[in-house]
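For reference, the structure is listed below as structure tokens.
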Amino acid sequence: VAGEVALSQPGSLQPSETIRAGLLFGDSEVIAGTPRREQAVALTSVEVLSFDARLLANCQQQGGRISTILTALASAHKLPQLGTVYRYLAQVDHQPCLVSDYAKPSGQRIRVRYFAHLPQLEAARQDVSGATVTLASPDRSRLIVLTPAGIVTGLTVHGEWNQLPDAMSLVLRGGSLADWQRKAFQSSGELLLENATSRTPAGAEIICACTNSTTSMLRAAARNATCVDDLTRTTGAGGICGGCRARLPLFLGHLEVSLCRLRRTPLAEGAIRIGLEAVDETPLPAAQAGQFIRVEALIDGAWVGRPYTLIGASARAYELGVKLEENGFFSNWLNTATDGTLVRVLPPQGDVCPAADDPRPLLYVVAGIGVTPAVAGVRQLATHRPIHVLYSFRSPAVAACLDELQTAAATGHIQLLQHCTAELGRLDAEAVAKFAATLGAAEVVVCGPGDFNRMVLSKLAENPALTLKADSFDHPQRGEGQLLQPGGWRRKNFTPDYPAGPPIPRGAKVPPAEQAEQFLREFAAECPGRCQLPERIQQAQDELADSGVWNMTAEELGFAARIAWRNAERCVGRLYWNGLHLRDCRHMTEPAQMAEAMFEHLRFAWNGGDLRPAITVFSPGTRDVPGPRIWNPQLLRYAGYRLRSGKQIGDPAQNAVTEKIMQLGWQPAGTDFELLPLVIQTAEHGPRMFELPADCRPEVRLSHPQHNWLLERGLKWYAIPAVSDMALDAGGIMYRMIPFNGWYLNTEIAARNLTDSNRYNLLPELAERMGLDLSSERTLWRDRAMLMLHEAVLHSFDRAGVKIADHHSVCHEFLEFCRNEQAAGREPTGKWMWLVPPFSSSATILYQEPFRDRAFKPAYCLQKPVW
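For the working numbering, count along the sequence shown from 1 and bump the result up by 7.
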């Protein structure tokens with residue numbers, strides 16, 4: 008077309024599109040075989056050149072330069088989430104340019120002008136009112152326009168810029184820049200932006216190691232939080248060691264960081280000194296001796312960082328001592344980074360901070376790079392109180408800051424005791440205790456590897472005159488981290504440590520009395536001070552001899568249930584084992600009571616969609632009278648049965664139990680998603696049936712943002728996976744009715760329940776509705792339909808506000824569970840084929856991780872149906 012043509016829908020006076028000079032229109036529809044009718048009104052004198060549709064189609068199929076030109080000349084493109092972009096040629100100040108006008112679904116308008124011959128690009132929102140701020144790069148070749156709140160509304164770029172796509176994304180999607188990002192742009196001309204992968208809310212990263220709070224948990228809690236204290240109250244994060252507290256504001260949208268330039272100098276063999284200089288005149292936050300900061304760098308488009316103890320701090324710069332770990336990703340990046348590289352620094356934190364006005368002697372017992380808090384203490388406190396440093400190192404060449412401490416000792420500011428392990432062997436904790444005793448009432452700070460700390464602290468704890476504090480450079484919040492490679496999380500030369508003795512393997516033929524004793528030893532080891540062990544073991548064994556069972560306390564029973572989850576070799580969601588809530592219903596004898604207890608279990612677990620893991624335990628019975636049983640494999644389960652015509656209704660996996668329940672008089676309504684009533688069987692009352700109340704039937708209807716027909720199909724799934732057909736084997740007792748729940752993993756619904764050929768088998772139907780080619784397996788129609796269903800499940804549960812895990816995040820969480828287990832001296836075990844998700848298996852982090860397939864008691868185990 009030459010000139011301008013306005014297009015509108017038949018019968019409408021409002022133009023939907025304006026075609027300007029030099030552009031094509033109608034080509035995409037004709038080539039696709041989906042022509043549409045439009046009203047065309049000439050706005051100027053117009054000439055039209057028509058093309059043969061087959062010719063254009065051939066050009067598009069051939070690709071190359073002609074295809075690119077045809078795409079560029081298309082007048083309008085519909086873009087996901089960005090609405091429609093209209094493109095045309097124009098003259099601005101006698102300069103030719105290509106103009107792209109974006110009409111977003113929200114009604115927002117954005118105009119982009121590109122001057123290819125300069126080159127220069129200008130982008131600006133057309134609806135901005137009020138004050139704006141313009142930031143310039145140091146050479147003024149790049150300008151960014153923002154609102155006072157930091158929302159990017161405009162952009163001007165002269166010349167080439169490799170970050171132009173990221174900058175344009177900010178303009179088009181209404182992105183914003185934090186204060187520290189604005190400073191980075193003004194000081195370097197670069198945008199410190201994460202890549203798309205890092206911005207996705209996978210939720211897998213553990214933010215608080217003390218409470219296992221993940222990014223997804225904190226994001227969810229932040230929806231109802233106004234401050235960091237709110238997050239701490241609801242999740243516990245930041246309330247134990249405080250190591251993660253400085254990161255919590257990130258989830259509320261106001262992360263406090265300082266922007267610094269990095270400087271690196273040698274410190275010792277295998278260690279470097281890092282200087283962090285503020286980029287502007289804004290003072291850095293003040294720090295106390297012994298505090299640490301978290302340093303983060305943008306590496307491959309993702310913010311990666313680790314905390315390090317400060318050895319020096321001023322308003323203009325921080326100083327760190329960093330050990331170079333063999334597999335330490337971030338420490339080795341620091342060692343190779345160019346001087347002047349921008350990093351962001353979180354405020355100082357930590358409470359291992361000796362006071363300057365404390366008159367008592369201060370003793371530092373340190374090893375290796377754990378010397379850093381001692382150096383900070385010497386620098387800040389040596390003129391205020393007597394300081395003694397006992398420094399253990401492998402050799403003087405690798406002893407960081409040894410010369411500085413020797414100088415301080417030579418001038419009389421401190422007393423330095425040096426222990427070279429290459430010459431003297433391992434430091435003797437008894438010798439440390441004897442020296443500490445000579446100081447009288449004193450404050451002691453111990454810092455080194457975990458084993459070093461435990462050895463020294465256990466001995467010093469015998470002296471009541473000492474106030475002990477500990478810091479560790481291999482704490483989960485302080486560690487170096489490993490490269491993301493198979494097995495990288497495993498500790499070298501790890502040997503399991505079982506203080507109560509080796510656990511009993513599931514299936515081992517061990518007398519109940521011995522199982523009770525081993526269980527109580529494990530309970531006493533992990534929950535010290537809760538019982539008098541010899542007397543408790545004797546009491547349990549006497550009860551076993553008398554009735555065939557022994558009565559656990561509620562605390563012991565809760566411990567058994569949680570350890571059974573921790574031991575569950577098939578479960579990939581064990582990170583949250585310690586949060587399992589016990590509902591003790593062992594006293595109940597009436598089926599109606601028990602049914603109501605199960606209804607209350609569902610109400611407790613539901614929690615408005617923020618599911619809570621819970622277990623309800625009923626009586627195990629006695630040697631002569633069996634305990635109660637439930638027929639249902641889960642508290643919520645859909646019926647399944649075949650009509651006389653052979654047509655399957657509902658879930659085929661439930662056909663057998665549904666038939667048995669129908670024999671009790673229950674009649675299904677004939678739908679595919681009908682929840683079964685509960686059937687509870689006791690020795691006294693036999694089987695009794697109970698319908699689920701309306702408030703105990705939470706379900707999620709499935710929909711998909713791009714496939715509207717899916718909602719009309721009427722697919723749904725229940726929200727709470729409450730397993731009820733397993734038994735708890737603990738302490739020589741078998742508890743046979745113990746419904747328990749966590750929350751769903753998306754693959755359980757989308758890759759198994761709805762798609763297994765012996766379940767709902769929906770893949771062929773969904774693929775047809777998607778328009779996929781089912782004539783050959785090589786079209787991968789199964790994979791594409793299953794991906795769509797996974798998207799639908801996650802979308803639907805999120806939209807309904809119901810907690811659900813995704814298969815990638817849960818694999819990362821499982822590795823964090825494994826790290827925690829090794830830190831506690833236990834070997835993580837697992838059955839590989841159950842841990843690795845059934846969908847996108849090789850794309851998950853667990854695919855190349857081998858685990859020992861061993862199962863220990865306490866344990867959840869399968870049992871034959873009672874019906």
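Just so you know, even glycine gets a beta-carbon here, dropped at the ideal spot from N, CA and C.
Remember, predicted model here, so these are calculated numbers, not experimental data.
Quiz item: What distance in whole Å lies between the Cβ atoms of D736 and C868, which are believed to be in contact at a cut-off of 8 Å?
Solution: Between C868 and D736 the beta-carbon gap is near 5 Å, inside 8 Å, which marks them as a contact.
Quiz item: Considering only C-alpha positions, which residue in the set E430, Q46, A758 and T379 is nearest to R789?
Solution: Cα-wise, what sits closest to R789 is A758.
Quiz item: For N342 versus L331, is the C-beta distance shorter than 7 Å?
Solution: Contact check for N342 against L331 passes: the beta carbons are separated by less than 7 Å.
Quiz item: How far does the alpha helix (DSSP H) with Q655 in it reach, from first residue to last?
Solution: Counting along the chain, no alpha helix (DSSP H) covers Q655; the unbroken beta strand (DSSP E) around it starts and ends at Q655 to G657.
Quiz item: For the alpha helix (DSSP H) that contains R711, what are its first and last residues?
Solution: The question names Arg, yet the displayed sequence has His at residue 711. Run containing H711: none; DSSP gives neither H nor E here.
Self-check item: Beta bridge counterpart(s) of M605 as assigned by DSSP
Solution: For M605, which the question treats as bridged, DSSP gives no partner whatsoever.
Practice problem: Classify T5 as helix, strand or coil using the three-state DSSP reduction. | Solution: The structure shown does not extend to residue 5, since the chain is modelled only from 8 through 874, so no value can be given for it.
Quiz item: Considering V350, what are the terminal residues of the beta strand (DSSP E) in which it resides?
Solution: Looking at the DSSP string, the run of the beta strand (DSSP E) that includes V350 is L349 to V352.
Exercise. For Q548, name the three-state secondary structure that DSSP assigns.
Key: Helix at Q548.
Quiz item: Exposed or buried, M733, counting other C-beta atoms within 10 Å across all chains shown (16 or more means buried)?
Solution: Result: buried.
Quiz item: Mind checking whether A477 and L467 have CB atoms under 7 Å apart?
Solution: Not a contact, by the Cβ cut-off of 7 Å.
Quiz prompt | Residue burial classification, Q484 (beta-carbon count within 10 angstroms, cutoff 16) | solution = Its pLDDT being 41, under 50, Q484 is placed unreliably by the model, and the measurement read from it follows with that caveat. Answer is buried; the Cβ neighbour count reaches 16.
Quiz item: When we look at the beta-carbon of N827 and count the other beta-carbons within 10 Å, is it buried (16 or more) or exposed?
Solution: A residue is called buried once 16 or more other Cβ atoms fall within 10 Å of its Cβ, and N827 is buried on that count.
Quiz item: Do you know offhand how far R147's Cα is from S136's?
Solution: About 25 Å.
Practice problem: In angstroms with no decimal places, state the Cα-to-Cα distance between H482 and S783. | Solution: For H482, the predicted structure reports a pLDDT of 45, less than 50, and the residue's modelled location is therefore unreliable. A value from the coordinates is still provided. Spanning the alpha carbons of H482 and S783 requires a straight line of approximately 54 Å.
Practice problem: Check whether the segment 319-330 touches the segment 429-441, taking contact to mean three or more Cβ pairs, one atom from each stretch, closer than 8 Å. | Solution: These segments do not touch.
Quiz prompt | Closest residue to D860 among L822, T836 and W841 (Cα-Cα distance) | solution = Minimum Cα distance to D860 is reached at T836.
Quiz prompt | Helix, strand or coil at C592 [DSSP, three-state] | solution = It is a strand residue.
Self-check item: Sequence ranges, alpha helix (DSSP H) only - wholly within the segment 325-372, length at least 4
Solution: DSSP runs (the alpha helix (DSSP H)) wholly in the segment 325-372: 336-343.
Quiz prompt | Under 7 Å between C-beta atoms of L642 and A729 | solution = Yes, the pair counts as a contact, with Cβ atoms nearer than the cut-off.
Quiz prompt | Outcome for V140 when other beta-carbon atoms lying within 10 angstroms are tallied against a minimum of 16 | solution = Per the 10 Å Cβ criterion, exposed.
Quiz item: Between the segment 714-724 and the segment 685-698, do three or more beta carbon pairs fall short of 8 Å?
Solution: Short answer: they don't touch.
Exercise. Look up H814 in the DSSP assignment and give the residues it is bridged to.
Key: Answer is none; H814 lacks a bridge partner.
Quiz item: S265 lies in the beta strand (DSSP E); which residues open and close that run?
Solution: Secondary structure note for S265: its beta strand (DSSP E) is the uninterrupted segment S265 to A275.
Quiz item: Shortest alpha-carbon distance to L269 belongs to which of R230, E326, W613 and A244?
Solution: With distances taken between Cα atoms, L269 lies closest to E326.
Quiz item: How would you write the range of the beta strand (DSSP E) that I421 sits in, first residue to last?
Solution: Here the beta strand (DSSP E) through I421 covers I421 to C427.
Quiz prompt | Simplified DSSP assignment, three categories, for A621 | solution = Judged by DSSP in its simplified three-state form, A621 adopts strand.
Exercise. Can you have a look at D410 and say buried or exposed, based on whether 16 or more other CB atoms are within 10 angstroms of its CB?
Key: An exposed status is given to D410, since fewer than 16 other beta-carbon atoms sit within 10 Å of its beta-carbon.
Self-check item: Residues near R791 in its chain [Cβ-Cβ closer than 8 Å; skip 5 each side]
Solution: Answer for R791: A774, M777 and L779, listed in chain order.
Quiz item: Which residues bound the alpha helix (DSSP H) around F526?
Solution: Taken as a continuous stretch (DSSP letters only), the alpha helix (DSSP H) holding F526 covers P519 to E533.
Quiz item: Near G486, which residues of its chain fall below 6 Å by C-beta distance, leaving aside the five closest residues on each side in sequence?
Solution: Residue confidence for G486 is low, a pLDDT of 37 falling below 50, so the modelled location carries little weight; the figure read from the coordinates is stated next. Excluding positions up to five away in sequence, the list is empty.
Quiz item: Taking the alpha-carbon positions, what's the P857 to C408 distance?
Solution: Going from the Cα of P857 to the Cα of C408 covers about 41 Å.
Quiz prompt | Inter-residue Cα distance where the pair is H391 and A612 | solution = Cα-Cα distance, rounded: 56 Å.
Exercise. Quick one: grab the DSSP three-state call for D827.
Key: The sequence shown places Asn at residue 827, rather than the Asp named in the question. Of the three classes helix, strand and coil, the one that applies to N827 here is helix, per DSSP.
Quiz item: With DSSP run on the structure shown, which of helix, strand or coil describes M1?
Solution: Because the chain is modelled from 8 through 874, residue 1 falls outside the range shown and cannot be assessed.
Practice problem: Please state if the CB of C360 and the CB of G297 are separated by a distance shorter than 7 Å. | Solution: Taking 7 Å as the Cβ cut-off, G297 and C360 qualify as a contacting pair.
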